[in-house]
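Residue numbers (the working numbering): 83 to 200.
A virtual CB, placed ideally from N, CA and C, is assigned to each residue, including glycine.
Only a predicted model underlies this, so the values are computations on that prediction, with no experimental measurement involved.
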């Protein structure tokens, strides 16, 4: 069996008065020895649905951030706060909500088809 280390993970809940209310962001960071920085990946999660929408390398480049074991979590928190205040997550939330609406419409259509035929 092969084991793969994926780094360390922190989840931040967005404040109620923010444009990201109802969501959290999961941040996974992993130290890269070659460049002496941490790779940071983020994933949005809708707290009502419990599903997540990955912000991956196809959408944005992995961020490489400076830090050490003592301050890396504070650095990640500052990046998340800055991203939230700048509206960075807004387009991902809109895309997530659009995807959920498409799923619901498709599911509704197929349920109607199923009940029509049964």
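- For residue 92, the enclosing beta strand (DSSP E) covers residues 90 to 95.
- Secondary structure of residue 199 (DSSP, three-state): helix.
- Leaving aside the five residues that flank residue 152 on each side, none in its chain has a CB nearer than 6 Å to its CB.
- Residue 184 sits exposed, since fewer than 16 C-beta atoms from the chains shown fall within 10 Å of its C-beta.
- In the displayed model, residue 131 falls within coil according to three-state DSSP, outside both helix and strand.
- Across the set 84, 147, 108, the C-alpha of 108 shows the shortest separation from the C-alpha of residue 95.
- Here residue 186 carries a helix assignment [DSSP, helix/strand/coil].
- Taking the Cα of residue 123 as reference, the smallest distance to any Cα among 144, 100, 157 is reached at 144.
- Close CB contacts of residue 198 within its chain, under the 6 Å cut and outside five residues either way in sequence, are absent.
- Of the other Cβ atoms in all chains shown, 16 or more fall within 10 Å of the Cβ of residue 171; this residue is therefore buried.
- Of 186, 163, 116, the smallest CA-CA separation from residue 131 is found for 186.
- Assignment of residue 154 by DSSP, reduced to helix, strand and coil, places it in the helix class.
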